[in-house]
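Just below is one structure, and these are the notes that go with it.
In our numbering, the protein residues as written are 59 to 368.
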């Protein structure tokens, strides 16, 4: 288990992680979510002892990372896929890691095979590796010591769809073996498919620690409306807003409506004589639940792209 107790990190007057307390349990995939600048990477760095906490503790199996005698046997991690010497081959990189922790060298070939890097790819110098190949090499390094605890920061970054699916299946298989799997990602759809449990933070504070289905259920159901009559759609938007619904205009011919039902939207459009090309209800998703949950914690937000009616 990864145990965080009152974990806090300050950089001068900035609080990056604020009294974070959570247990990352074995036998399941725990997704770690938050907007940019929420403190996810800093939290993971403190777990690995790369940043010293200002207060609190980060423990692996009840011990700090620095107390682990052969850390790769107890915890594997991928934080930066490019953390390899530019002139050293992937195979040489893994061999050095293995020798530093008393891991048999035959294990290097085993993990290279697991992540799908053949002899040619593993023989390339680090500076020539694509982002996707670097991710696979980083995952191989995390698996090298066959550890019971694994932590991955954005493991699907740079992977093609087949690679993303492979990572999903790998995470699930590791959790099914009873390991602790802690993974951060900005891909909400992928986390909804992969994670059993979600830990969500914003501005360094814990916002949610719950099963994925429970977090998704917090999201609002939305109604999508399309019409070839922009003026009529604008009138419909105004009437819906007057009834207490929230209306966003994705384009001149499309609305997203929350706070009311598809039946009510359809009835109102009929009353106003607005012809519809689409009227569809979209169930709650992790992306919508995440956006609503972290609305007050977004540090870097862009402006609206298609206008908004309220």
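Every residue gets a Cβ at the ideal spot worked out from N, C-alpha and C, and that includes glycine. Owing to the predicted nature of the structure, the values given are computational and were not obtained by experimental measurement.
**OP:** Give every residue of the same chain whose Cβ lies closer than 6 angstroms to the Cβ of residue 281, excluding the five residues on either side of it in the sequence, and list them in chain order.
**Re:** 315, 320, 323 and 339
Subject >> Backbone secondary structure at residue 182 - three-state DSSP >> reply: coil
Original post:
Going by C-alpha distance, which of 283, 330 and 301 is nearest residue 290?
Top reply: 330
**OP:** Find the nearest neighbour of residue 313 within the set 232, 104 and 285, judged by alpha-carbon distance.
**Re:** 285
**OP:** Go ahead and pull the three-state DSSP assignment for residue 284.
**Re:** strand
Original post:
How long is the line joining the alpha carbons of residue 86 and residue 332, rounded to whole angstroms?
Top reply: 49 angstroms
**OP:** Count the CB pairs spanning the segment 245-261 and the segment 85-100 that are closer than 8 angstroms, and state whether there are at least three.
**Re:** yes
Original post:
Could you give the residue range of the alpha helix (DSSP H) that holds residue 220?
Top reply: 219-234
Subject >> First and last residue of the uninterrupted beta strand (DSSP E) at residue 313 >> reply: 312-316
**OP:** Spell out a yes or no on whether the segment 133-152 and the segment 191-198 are touching, meaning 3 or more CB-CB pairs, one atom from each, closer than 8 angstroms.
**Re:** yes
**OP:** Any chance you could list the alpha helix (DSSP H) runs of at least 4 consecutive residues sitting entirely within the segment 240-266, in chain order?
**Re:** 246-252
Original post:
Nearest to residue 119 by CA position, among 189, 221, 131 and 64, is which residue?
Top reply: 131
**OP:** Give the secondary structure of residue 163 by DSSP, where H, G and I count as helix, E and B as strand, and everything else as coil.
**Re:** coil
Original post:
How would you call residue 250, buried or exposed, if buried means at least 16 neighbouring beta carbons within 10 angstroms?
Top reply: buried
**OP:** Report the three-state DSSP secondary structure of residue 155 (helix, strand or coil).
**Re:** helix
Subject >> 8 angstroms contact criterion, which residue 127 and residue 107 should meet: CB distance rounded >> reply: At roughly 14 angstroms, the Cβ-Cβ gap does not stay under 8 angstroms, so residue 127 and residue 107 are not in contact.
Subject >> alpha helix (DSSP H) segment containing residue 101, residue limits >> reply: 98-105
Original post:
Roughly how many angstroms lie between the CA atoms of residue 152 and residue 216, to the nearest whole one?
Top reply: 21 angstroms
Original post:
Is the beta carbon of residue 76 less than 9 angstroms from the beta carbon of residue 261?
Top reply: yes
Subject >> Contact set for residue 365: own chain, Cβ-Cβ below 6 angstroms, skip 5 residues either direction >> reply: Because the pLDDT at residue 365 is just 40, under 50, the model does not fix this residue reliably, and the value given afterwards should be weighed accordingly. Excluding residues within five positions, the ones whose Cβ falls inside 6 angstroms are 307.
Subject >> Those runs of the alpha helix (DSSP H) which lie wholly inside the segment 289-337 and span at least 4 residues >> reply: 320-330
**OP:** Please check the pair residue 266 and residue 351, which I expect to be a contact at CB under 8 angstroms, by giving their CB distance rounded to whole angstroms.
**Re:** 6 angstroms
Original post:
Using the C-alpha atoms, what's the distance from residue 288 back to residue 328?
Top reply: 15 angstroms
Original post:
Among all the DSSP beta bridges, which residues are the ones paired with residue 90?
Top reply: 242 and 257
Original post:
Do the segment 218-232 and the segment 59-69 touch if we need at least three Cβ pairs shorter than 8 angstroms?
Top reply: no
Subject >> Own chain partners of residue 293 with C-beta closer than 8 angstroms, once the 5 adjacent residues on each side are dropped >> reply: 330 and 332
Original post:
Given that a residue counts as buried once 16 or more other Cβ atoms are within 10 Å of its Cβ, and exposed if not, what is residue 211?
Top reply: buried
Original post:
Between residue 102 and residue 191, what straight-line distance do the alpha-carbon atoms span, to the nearest angstrom?
Top reply: 22 angstroms
Subject >> Buried/exposed call for residue 243, threshold 16 Cβ in 10 Å >> reply: buried
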